[in-house]
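Report on the structure given below.
Protein chains: 2
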Amino acid sequence: MSQKRVFLFREGNATMRDLLGGKGANLAEMTNIGLPVPPGFTITTAVCGEYYQAGKALPHGLLDDMKSAVAEVEQITGRRLGGSEKPLLFSVRSGAKFSMPGMMDTVLNLGLNPQTLEAMVKETGDERFVYDSYRRFIMMFSDVAFGIPKHDFDNEIFQVFKYKVGAKSDLDLTAEHLKEISAQFLAHVKAEVGRDFPTDPWEQLQLAVEAVFRSWNNDRAIFYRRTEKIPDEIGTAVNIQAMVFGNAGDDCGTGVAFTRDPSTGEKSLFGEYLMNAQGEDVVAGVRTPVPISTLQKQNESIYNEFVSVCNKLESHYKDMQDLEFTIEHGKLYMLQCRSGKRTGPAAVRIAVEMVGEGLISKDEAINRVTGSHLDQLLHPRINPDSIPSAILLAKGLAASPGAAVGKVVFDADTAADKGKGGNGDQVILVRDETNPDDVHGMLAAQGVLTARGGKTSHAAVVARGFGIPCVAGAEALEVNATNRQFHVEGHTVKEGDIITLDGSTGNIYFGKLDLIAPEVSGAFGDLMSWADETRRLRVRTNADNPQDAQQALEFGAEGIGLCRTEHMFFDKERLPLVQEMILTKDQGIRDKCLASLLEFQQNDFEGIFRAMGGKPVTIRLIDPPLHEFLPSHEELIRETTELQIKSSTNPHTLAKLNEKLKLLAEVESMKESNPMMGLRGVRLSIIMPGIVVMQTRAILQAAAKLTKEGIAVYPEIMIPLISTVNELKVVQSLLEDTAKKVMAEHGTAVSYQFGTMIEIPRAALTAGEIAEYAQFFSFGTNDLTQMTFGFSRDDAEGKFLTQYVDQKILPTNPFESIDQAGVGRLMKLAVQEGRASREGLKCGICGEHGGDPESVIFCHQIGLDYVSCSPFRVPIARLAAAQAAIRDRMTVTTADK
Amino acid sequence: MSQKRVFLFREGNATMRDLLGGKGANLAEMTNIGLPVPPGFTITTAVCGEYYQAGKALPHGLLDDMKSAVAEVEQITGRRLGGSEKPLLFSVRSGAKFSMPGMMDTVLNLGLNPQTLEAMVKETGDERFVYDSYRRFIMMFSDVAFGIPKHDFDNEIFQVFKYKVGAKSDLDLTAEHLKEISAQFLAHVKAEVGRDFPTDPWEQLQLAVEAVFRSWNNDRAIFYRRTEKIPDEIGTAVNIQAMVFGNAGDDCGTGVAFTRDPSTGEKSLFGEYLMNAQGEDVVAGVRTPVPISTLQKQNESIYNEFVSVCNKLESHYKDMQDLEFTIEHGKLYMLQCRSGKRTGPAAVRIAVEMVGEGLISKDEAINRVTGSHLDQLLHPRINPDSIPSAILLAKGLAASPGAAVGKVVFDADTAADKGKGGNGDQVILVRDETNPDDVHGMLAAQGVLTARGGKTSHAAVVARGFGIPCVAGAEALEVNATNRQFHVEGHTVKEGDIITLDGSTGNIYFGKLDLIAPEVSGAFGDLMSWADETRRLRVRTNADNPQDAQQALEFGAEGIGLCRTEHMFFDKERLPLVQEMILTKDQGIRDKCLASLLEFQQNDFEGIFRAMGGKPVTIRLIDPPLHEFLPSHEELIRETTELQIKSSTNPHTLAKLNEKLKLLAEVESMKESNPMMGLRGVRLSIIMPGIVVMQTRAILQAAAKLTKEGIAVYPEIMIPLISTVNELKVVQSLLEDTAKKVMAEHGTAVSYQFGTMIEIPRAALTAGEIAEYAQFFSFGTNDLTQMTFGFSRDDAEGKFLTQYVDQKILPTNPFESIDQAGVGRLMKLAVQEGRASREGLKCGICGEHGGDPESVIFCHQIGLDYVSCSPFRVPIARLAAAQAAIRDRMTVTTADK
């Protein structure tokens, strides 16, 4: 291959992310716009591909390319790799197209060996600094290149040594101490890998490059990519850059900063730094850094230079930047810049304010905010009324906003087992500090609490990225993960105890506090109003009661797309009536039960119609199989077996046994092998029409009553699980009769429609016929996904779907984001053929996909009229609909050219 | 409406079946080719539609049309309706486009009243004949027009009267007796309906016409249409024809005949007649008729005339005819002709012989034979070896061929409950005689046995039509339906006892005799060879063992389209190994189990490959969920509950309890909500690849061994339940490795292919992608139907599918015949897109639909390469494939014009 493998920073630019990775491209860009960047070069992502294709071997010729690049760096710096005077040291860092913070490997101080150590000591006169750098280098390099855990070095040698010599802080260690530690480190490496630690800087360099490529496929990187949907094929670049030292003395330091506050979005420089430290000390949260504003007092000229760099970068990139910098002997160096991760509230505020500042357009602002940003914004917060009486355990840093309640767990695996994706418990992950191995547990938790680390610690960055509330650095906590408990201010909190976190204040409370929904205004309101001006797709909500309907209206819902009627049957007062209706053979009793249920349902619908005040309400008639309302089959088997044994000795149990046996026989007669595909939905209505006649009567009576009161009502009655138009014909004509009867009885006309769910593949395939009867379509993509894939969601998600996504057999869980090739193809076909048969047929979606941004965009593309989702997803759907419309416009514009 | 409502026979012809019904069209045709047909006219089927559309009222103007038609009949016959001299009497009969024998109503002798009675007596001088006609008229008319059961007249008045006067036969009754009986009949009518029996012949006529229209929608007619797939909308015509009398004296008679033997197809006149009788006496089996050959001796000239009529009709219609005739005072009249119903063997023989006679072409012969004809031909017969030791209970008439074994039942409802479509027991319906109300029970039975009636009795005709073995008129039987038993020659046979019928000999045996498969040769062989020359579609079989494979080869199978591999796992020797493999956590033990299973499976495949000798064999890898191989969950709940109670009093049960609890936990962990859509098929292979690796090894080892022996082997390895191409990629590449390893180990190349089932809607929708990997497609239409409809077959067929077909929500059960609009659309799309991506992709079907003629024709149309079905359906599929090819040719020919 003749492609260029190595790019000096001066040869690249910000558009070359595919080839140079994000970090490399931005180092190049910064170099070219004249910022103080230590010189260096990038080995391309394509080389990573070559490395793997060759069975993990660096390509021939790469070394020569590296040599030329190193020569230029040597020339710029006036230093020499392995030189016995002014030796050149390198940092070696990974850098993929998409940021994967902390997931891959880094080596600092590369190039140190006995010869360069001596030269460095000679040059700096600071033996302590040189050996501190050396012990860091040995540890990082050995971890990365030889797979010897850092923990071996850090805990078993370094901390033990500190204890022995009575050093409280790293700063208490002398040069001699560090020399001794370095020697112990070297010995440990030899014991572990059976070879001496490499002293040839070129060997060090090649081993480090290979290690970075290998780290692309370490477990935590793979896990991160899967979570963030980053393709596996793109590979990582390697950035090799001349070292500058933040730990070379008290006029040195290192820090990270954001050009605006990544938590709130406020337009003010936000960051932290540590004097006399290397970057890893800040990121790992080992020492607690100080705010960037302190720098202003300590060194105003450096501070001013830094502010002007920040401004330059923000107006250059037109986005909030996340920066890494080092100060070496009073000189500022920029080591990294990238678009900063931000919380949802920050994303919205920054996008809206940048429109105000003329930096970006409204369309760009809409595109800058993601569904998960809004999701965070809409997180619940603690009800202030509940705070005065709450037990405040401690206060940490407000690291990721939103409030969370959950049971305490002490490790990531337990969190993953019990939390989201596991048992579904609400859990709070409590750790001393987190590291990349903890991410899967953080994702499963409602919230994260750490005892150590700052706002830019791993825990804080990851939690913000995923919109999980986080309190970091709550130093009062003594976490004892082994005993599964933590102590704080005289309290002991054990695993399983419930706590409440406030990620916006840093407060930690004992027990469960009342959470309330967020208010939505300000920048959020502006953004949403721009989205509403932009989008074509309407957004409705799924709501089964007036409270949810009200909540959804506040979030901008334009109607109800799915009101399930059977949830109401599970109410404690009603369930006995439902059971009696199902079990009786006496039509008289059945009619009486239905009459009682009619009253309840009519009240339900009145409430919802009132709440929606004139907006359309789509009501789905009964869907689940009737046995869902009856006692458990297994429980009855247990009970009857028990009673059978007992009744041989106790005649009094015989009557009870007979009753239970009768019930068991009933339940057995209704049992189904595959209830998902059994007697439910419209099938039930055909076999037992009494229930849907009652429901239709309840809907129309409620509507007629409100119509008389002058309240506008638009019920859309939806018949579920149609697989052939004839089912619709039969049921719809029966219900039309009921509707007409009710209107005649009340002497009032009601505007209503009958429509159907499209949730069975055959319904999609025969949509043309179905549209001759149905006045609207609503895609039930949950069932449609089940049938199209032949996946029972209940079984698949526990048994094989996770593995399918892990193994890339499926790109994502199709129950979360619409499978466009299969399910989507059926939807598109149904819309086209439905509208060919009934012009302007209203089409919507009411499956859970209606709140998934990718799916919303797809719904826009195939021409649906609306999506419907849970109340809290309504703003997300509004935003995604706007993004879809913008994408359309861009396509049109491109096509016009 | 201006359409002609009434057609005189001279105005119609045989092509007008839609309008005039089959009977009317043929009466017209016979009239116009000069045969002796009593004059009359037909009221069209369109009037039946008008009648129902008007809410059951005859249209205005119809009476005038009828008056003109009657006037012409009066003119031809020289008689007058209601005339006081030479009165004209009419028969009024239904007649739909498709024959529905005995399903609708008939009235004979219409026009009798006090005045015409007197005139008839005067004219014939035979008072007994006239009143015999009158009492029949009153009974039939009252049954039909007023709904008074015939049974009332026949049992409660007529038989009582006979007993009182000591008459053994109807012929013992005098004219006075019949007058008295008629008077009692008239009194009964008045008592029942509160009005006098109508005396105005025009009122009689209108009431009779309305009654015939009404009878279109009686229960048995509706049931018959559903069974025979006759549309409800087509309605019936009414044929009004001048009466001729078979019961006017000893030179009179009436009979039915077939131009060839409808049981065997032999080219000789076959029929029965009764002298001095009306047609109903023959059909109802009340008196036992004599063979048509007797007529030759009794009246040679009439017989010769009849033979020449038969020859004329057969060469005119080019098909075997079913005729009704009457002889009135030595003159022959033809009352009906139609294509005769025939047994399967007869259909084949007649078709083949007519080709030999130059009457029809080979294509026509192929089209004349149906799948159910062949099905009968392939019916099993009694093993002759088992006959010598069998207990022969009695001998009846060989009314419908084939042998049947089953439990005796005494009424149609019980037969329907217990038999096919019910519990699935094998039952024999035993009745004195059958009537149209019994048809649903006959359909559910393996065979039918009656104590009364001839070969043209209801039981015989219906059984032949449906291919059910039948012994009729076994007069030695004393059937006591009330006590659920019959007596014969000193034996008492009770409900539930097993008997064996031989419908080809009329023998009835006690107990279960050994049945063997039919031999296939002669006419069947000729027809099949023509079919094979004609068809494009290949026919394979579904077979899991060498015996089935052998049977299928004899029936002409060209390969195996589906060999299920998991059936072999249920073998007594292997199941414990399978269970251990599933339950163990120890990989070593699992590998050992798999190694043992490998040996078994290799032997299975060797046997099948040997049997198929070089023909392709498609082997499906494991498909069902593993929990199918484990003990029942419910049973374990019962056992553990029991043990739990007992172990409190008996410590010895504790160990057993613990073991069972462990097993229960395992079974519970594998339990699924919807196993049909759970962890099975390829999903299982991805999660637990050991099993399919073992199976692939077994297939390749067997193939390699036989290849070395010089036996050709073409295994096609089929991966089930694919929903995305990635599943195939993962599993196929794993198995390719195994295959290559085995070939290397054996040093032999084997020709094999990997392909996939298309049985999930998404697989069909993404067939283009899948075909990039799959070397063949096989449609699994059972699952594809389940997923496309969202119907779990296990649940649907018991819970709603019957009702769906009854209510015409579905035209047929989609598990029996492919749903072309939904499932078929997916299949067509998959074939097209699969072949677009892989040219000439081999496509077949292995669902049960492969043996359904309509489905086979559809498979031909969408371009499949083969169908696969159970061994006994192979000839049916070959025939249907030929019919499909002929249909194609005809379409092409038409298009060429």
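Protein sequence lines, in the order shown, are assigned to chains U and S.
1 is the number of the first residue of the first sequence in this note's numbering; add one for each residue after it.
898 is the number of the first residue of the second sequence in this note's numbering; add one for each residue after it.
Even for Gly, the Cβ is constructed at its ideal location relative to N, Cα and C.
Since we're looking at a predicted model, the values are computed, not measured.
* Asked: How many whole angstroms separate the CB atoms of S:VAL993 and S:GLY909, which I take to be in contact at a CB cut-off of 8 Å?
  -> On the second sequence, position 96 is the one that residue 993 of chain S refers to. On the second sequence, position 12 is the one that residue 909 of chain S refers to. Residue identity differs from the one stated: residue 993 of chain S is Ala in this sequence, not Val. In this structure, S:ALA993 and S:GLY909 do not form a Cβ contact; the two beta carbons are roughly 15 Å apart against a cut-off of 8 Å.
* Looking at the C-beta of S:LYS1705, does it have a partner C-beta in chain U at a distance below 8 Å? -> By 1-based counting over the second sequence, the position of residue 1705 of chain S is 808. Interface criterion met: the Cβ of S:LYS1705 is under 8 Å from a Cβ in chain U.
* Report back the beta-carbon spacing between U:GLY330 and U:GLY279 to the nearest angstrom; my notes put them in contact at under 8 Å. => Along the first sequence, one-based indexing puts residue 330 of chain U at 330. Along the first sequence, one-based indexing puts residue 279 of chain U at 279. Contact between U:GLY330 and U:GLY279 fails: their C-beta atoms lie close to 18 Å from each other, not under 8 Å.
* **Sequence-distant residues of its chain with Cβ nearer than 6 Å to S:MET898 (five each side left out)** => Sequence index remark: in the second sequence, residue 898 of chain S carries index 1 (1-based). Its pLDDT being 44, under 50, S:MET898 is placed unreliably by the model, and nothing is read from it.
* Tell me S:ASP1219's beta-bridge partners as DSSP assigns them. => Within the second sequence, numbered from 1, the residue matching residue 1219 of chain S stands at position 322. The partner list for S:ASP1219 (beta bridge, DSSP) reads S:PHE1155, S:ARG1235.
* How long is the line joining the alpha carbons of S:GLU1015 and S:GLU1077, rounded to whole angstroms? -> As a position in the second sequence, residue 1015 of chain S is number 118, starting the count at 1. As a position in the second sequence, residue 1077 of chain S is number 180, starting the count at 1. Put simply, the backbone Cα of S:GLU1015 is about 16 Å away from that of S:GLU1077.
* Going by DSSP, which residues form a beta bridge with S:SER1297? -> Here the question's residue 1297 of chain S lines up with position 400 in the second sequence. DSSP output for S:SER1297 lists S:CYS1367 as bridge partner(s).
* Helix or strand or just coil, what does DSSP make of U:LYS455? -> Taking the first sequence and counting its residues from 1, one reaches residue 455 of chain U at position 455. Here U:LYS455 sits in coil by DSSP.
* Are S:ALA1300 and S:PRO1277 closer than 8 Å when you measure CB to CB? -> Residue 1300 of chain S sits at position 403 when you count from the first residue of the second sequence. Residue 1277 of chain S sits at position 380 when you count from the first residue of the second sequence. For S:ALA1300 and S:PRO1277, yes; Cβs fall inside 8 Å.
* Asked: Between which two residues does the alpha helix (DSSP H) carrying S:ILE1505 extend?
  -> Against the second sequence, residue 1505 of chain S aligns to sequence position 608. S:ILE1505 -> alpha helix (DSSP H) spans 1484-1509.
* Backbone secondary structure at U:THR766 - three-state DSSP -> Translated into the one-based positions of the first sequence, residue 766 of chain U becomes position 766. Correct three-state label for U:THR766: coil.
* Just the chain S side, please: which residues come within less than 7 Å of U:ILE770 by C-beta, in chain order? => Taking the first sequence and counting its residues from 1, the one referred to as residue 770 of chain U is at position 770. The premise fails here: U:ILE770 is roughly 11 Å from chain S at the closest Cβ pair, so nothing lies under 7 Å.
* To do: Please confirm if S:ALA1718 has its CB atom under 8 Å from at least one CB of chain U.
  => As a working mapping, residue 1718 of chain S is identified with position 821 in the second sequence. S:ALA1718 counts as touching chain U.
* Terminal residues of the alpha helix (DSSP H) in which S:THR942 lies -> Counting from one through the second sequence, the residue named residue 942 of chain S turns up at place 45. Membership of S:THR942 in the alpha helix (DSSP H) is indicated by the continuous run 942-950.
* To do: Report the neighbours of U:ASP794 on chain S: residues whose CB is nearer than 8 Å to its CB, in chain order.
  => As a first step, residue 794 of chain U must be located in the first sequence, where it is residue number 794. Chain S residues near U:ASP794: GLU1569, SER1570, ASN1571.
* Return no unless some Cβ of chain C is closer than 8 Å to the Cβ of S:GLY1575. => Looking at the structure shown, chain C is missing, and the protein chains on hand are U and S.
* What is the rounded straight-line gap between the Cα of U:GLY681 and the Cα of U:GLY588? -> The count along the first sequence starts at 1 and reaches residue 681 of chain U at position 681. The count along the first sequence starts at 1 and reaches residue 588 of chain U at position 588. Answer to the nearest angstrom: the Cα atoms are 24 Å apart.
* Which two residues bound the contiguous beta strand (DSSP E) that contains U:TYR866? -> Working through the first sequence from its first residue, we reach residue 866 of chain U at position 866. It spans 866-869 - the beta strand (DSSP E) in which U:TYR866 sits, taken as one unbroken run.
* Asked: S:LEU1171 bridges to which residues according to DSSP?
  -> Position 274 of the second sequence, counted from the start, is the residue given in the question as residue 1171 of chain S. For S:LEU1171, which the question treats as bridged, DSSP gives the partners S:THR1151.
* Is there contact between the segment 292-301 of chain U and the segment 268-275 of chain U, where contact requires at least three CB pairs shorter than 8 Å? -> Judged by Cβ distances under 8 Å, the segment 292-301 of chain U makes contact with the segment 268-275 of chain U, as three or more pairs qualify.
* To do: Can you give me the Cβ contacts of S:GLY1695 inside the same chain, cut-off strictly under 6 Å, excluding the 5 residues immediately before and after it?
  => For the purposes of this step, residue 1695 of chain S is taken as the residue at position 798 of the second sequence. For S:GLY1695, where only same-chain residues beyond five positions count, there are no Cβ hits under 6 Å.
* Asked: From S:GLN1729 to S:GLY1719, what does the alpha carbon distance come to, in whole angstroms?
  -> For the purposes of this step, residue 1729 of chain S is taken as residue 832 along the second sequence, with counting starting at 1. For the purposes of this step, residue 1719 of chain S is taken as residue 822 along the second sequence, with counting starting at 1. Approximately 16 Å between the Cα atoms of the pair.
* **Inter-residue Cα distance where the pair is S:PRO936 and S:ASP1051** => Here residue 936 of chain S refers to the residue found at position 39 when the second sequence is read from its first residue. Here residue 1051 of chain S refers to the residue found at position 154 when the second sequence is read from its first residue. Distance between S:PRO936 and S:ASP1051, taken at the CA atoms: about 31 Å.
* **For S:PHE1676 and S:LEU1581, the rounded distance between their alpha carbons** => What you label residue 1581 of chain S is simply residue 684 of the second sequence in a count that begins at 1. What you label residue 1676 of chain S is simply residue 779 of the second sequence in a count that begins at 1. Going from the Cα of S:LEU1581 to the Cα of S:PHE1676 covers about 20 Å.
* To do: Please decide whether S:LEU1618 counts as near chain U, where near means a Cβ-Cβ distance under 8 Å.
  => As a working mapping, residue 1618 of chain S is identified with position 721 in the second sequence. Yes - at least one Cβ of chain U is within 8 Å of the one on S:LEU1618.
* Asked: So which of S:ASN1623, S:VAL1647, S:ASP1002, S:ARG1435 has the shortest CA-CA distance to S:VAL1109?
  -> Your numbering for residue 1109 of chain S matches position 212 in the second sequence. For S:VAL1109, the nearest C-alpha among the options comes from S:ASP1002.
* Asked: S:THR1538 versus chain U: which residues are under 7 Å apart at the beta carbon?
  -> Taking the first residue of the second sequence as position 1, residue 1538 of chain S is located at position 641. Under the 7 Å cutoff, chain U gives ARG638, THR641, GLU642.
* In terms of alpha-carbon separation, which member of U:LEU88, U:GLU74, U:MET100, U:SER94 lies closest to U:LEU110? -> Reading the first sequence from its first residue, position 110 is the one you call residue 110 of chain U. Residue U:LEU88 is the option with its Cα nearest to U:LEU110.
* 8 Å CB neighbourhood of U:ARG610 in its chain, flanking five on each side removed -> As a first step, residue 610 of chain U must be located in the first sequence, where it is residue number 610. Closer than 8 Å at the Cβ level, and outside the excluded window around U:ARG610, lie PRO546, LEU706, ILE711.
* Same chain, Cβ closer than 6 Å to U:LEU397, neighbours up to 5 away in sequence not counted -> Residue numbering aside, residue 397 of chain U sits at position 397 when the first sequence is read from its first letter. Residues of the same chain with a CB within less than 6 Å of the CB of U:LEU397, apart from the 5 flanking positions on each side, are LYS455, ALA472, GLY473, GLY506 in chain order.
* Given that a residue counts as buried once 16 or more other Cβ atoms are within 10 Å of its Cβ, and exposed if not, what is U:ASP819? -> As a first step, residue 819 of chain U must be located in the first sequence, where it is residue number 819. It is buried - the Cβ of U:ASP819 has at least 16 other Cβ atoms within 10 Å.
* Asked: Among residues of its own chain, excluding the 5 on either side of S:GLY975, which ones have a beta-carbon nearer than 8 Å to its beta-carbon?
  -> Reading the second sequence from its first residue, position 78 is the one you call residue 975 of chain S. Taken in chain order, the residues that qualify are LYS983.
* When you compare only the Cα positions, how much space is there between U:VAL107 and U:GLN883? -> If you number the first sequence from 1, residue 107 of chain U lands on position 107. If you number the first sequence from 1, residue 883 of chain U lands on position 883. When rounded, the distance between both Cα atoms is 41 Å.
* So what does DSSP say about U:GLN206, is it helix, strand or coil? -> Indexing the first sequence from 1 puts residue 206 of chain U at position 206. Helix, per DSSP.
* Take U:ILE350 and list the residues in its own chain whose beta-carbon comes closer than 7 Å to its own, dropping the five residues that flank it on each side. => For the purposes of this step, residue 350 of chain U is identified with residue 350 of the first sequence, where counting begins at 1. Cβ neighbours of U:ILE350 beyond the five flanking positions: ARG260, GLY265, MET320, ARG342.
* To do: Could you list which residues in chain U have their beta carbon closer than 9 Å to that of S:LYS1315, in chain order?
  => Walking along the second sequence from the start, residue 1315 of chain S turns up at place 418. Neighbours of S:LYS1315 across chain U, judged by C-beta separation under 9 Å, do not exist; the nearest C-beta is about 18 Å away.
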